[in-house]
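Residue numbers (the working numbering): 26 to 201.
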């Protein structure tokens with residue numbers, strides 16, 4: 026997932042006293058639709074978030090904010106905490122806010138957002154994304170990705186997930 030487009034988001038400096046890290050800025054270095062060489066389920070569905078996978082060999086194949094509702098399609102961001110000291114691990118919380126009505130599992134559980142705590146290294150690109158594993162996950166609307174350190178939002182990126190294409194509209198486009 027890497028055809029790099031840089032979107033700079035300046036931050037108010039944040040001092041992480043317990044970690045000895047002074048966070049001055051974070052940037053989004055890539056975003057859009059991705060492919061991954063390897064994908065392994067890390068944990069199943071919880072009260073706080075849908076299932077999560079560990080992925081590697083990530084490559085962005087389309088730099089876009091518009092995401093089609095297609096099974097197995099993945100999208101996300103690659104970001105960099107640009108601070109000192111480089112290489113130092115810090116704790117972040119990655120959040121994805123889903124559009125209304127949320128992600129509704131067939132048995133009724135509703136997810137309004139996904140929230141995961143991760144450890145990332147200062148100065149190293151980190152990926153955070155989402156893939157449509159189940160049909161009920163393909164909710165059209167605005168999906169907002171955020172990365173937080175303590176009470177400071179480091180980055181935010183919004184994607185528009187498009188409604189599924191219908192057979193009729195696909196046929197009419199072909200006929201034109």
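Glycine included, each C-beta is placed from N, C-alpha and C at the ideal position.
When we look at the beta-carbon of residue i and count the other beta-carbons within 10 Å, is it buried (16 or more) or exposed?
{"i": "residue 143", "result": "exposed"}
{"i": "residue 180", "result": "buried"}
{"i": "residue 51", "result": "buried"}
{"i": "residue 161", "result": "exposed"}
{"i": "residue 196", "result": "Note that residue 196 has pLDDT 45, beneath the 50 cutoff, so the model's placement of it is unreliable and the number below is only indicative. Exposed, by the Cβ-count rule."}
{"i": "residue 133", "result": "exposed"}
{"i": "residue 106", "result": "buried"}
{"i": "residue 86", "result": "exposed"}
{"i": "residue 135", "result": "exposed"}
{"i": "residue 103", "result": "buried"}
{"i": "residue 37", "result": "Confidence is the limiting factor: at residue 37 the pLDDT is only 35, short of 50, which leaves the residue's position unreliable and the question unanswerable from this model."}
Considering just the uninterrupted stretch of the beta strand (DSSP E) at residue i, what are its terminal residues?
{"i": "residue 187", "result": "Where residue 187 is concerned, there is no enclosing beta strand (DSSP E), given that its DSSP letter is neither H nor E."}
{"i": "residue 156", "result": "151-156"}
{"i": "residue 89", "result": "That residue, residue 89, is in no beta strand (DSSP E); it is neither H nor E in DSSP."}
{"i": "residue 127", "result": "Element bounds for residue 127: n/a, residue is neither H nor E."}
{"i": "residue 171", "result": "166-174"}
{"i": "residue 145", "result": "138-146"}
{"i": "residue 133", "result": "That residue, residue 133, is in no beta strand (DSSP E); it is neither H nor E in DSSP."}
{"i": "residue 105", "result": "99-109"}
{"i": "residue 93", "result": "Per DSSP, residue 93 belongs to no beta strand (DSSP E) and is neither H nor E."}
{"i": "residue 114", "result": "114-122"}
Measure the CB-CB distance between residue i and residue j and report whether it falls below 7 Å.
{"i": "residue 146", "j": "residue 112", "result": "yes"}
{"i": "residue 92", "j": "residue 184", "result": "yes"}
{"i": "residue 53", "j": "residue 182", "result": "yes"}
{"i": "residue 83", "j": "residue 61", "result": "yes"}
{"i": "residue 120", "j": "residue 171", "result": "yes"}
{"i": "residue 165", "j": "residue 150", "result": "no"}
{"i": "residue 96", "j": "residue 59", "result": "no"}
{"i": "residue 126", "j": "residue 167", "result": "no"}
{"i": "residue 163", "j": "residue 108", "result": "no"}
{"i": "residue 122", "j": "residue 169", "result": "yes"}
{"i": "residue 154", "j": "residue 99", "result": "yes"}
Please find out if some non-hydrogen atom of the ligand ATP comes closer than 6 Å to the beta-carbon of residue i.
{"i": "residue 95", "result": "Among the ligands in the structure shown, none appear at all, so the ligand ATP cannot be discussed."}
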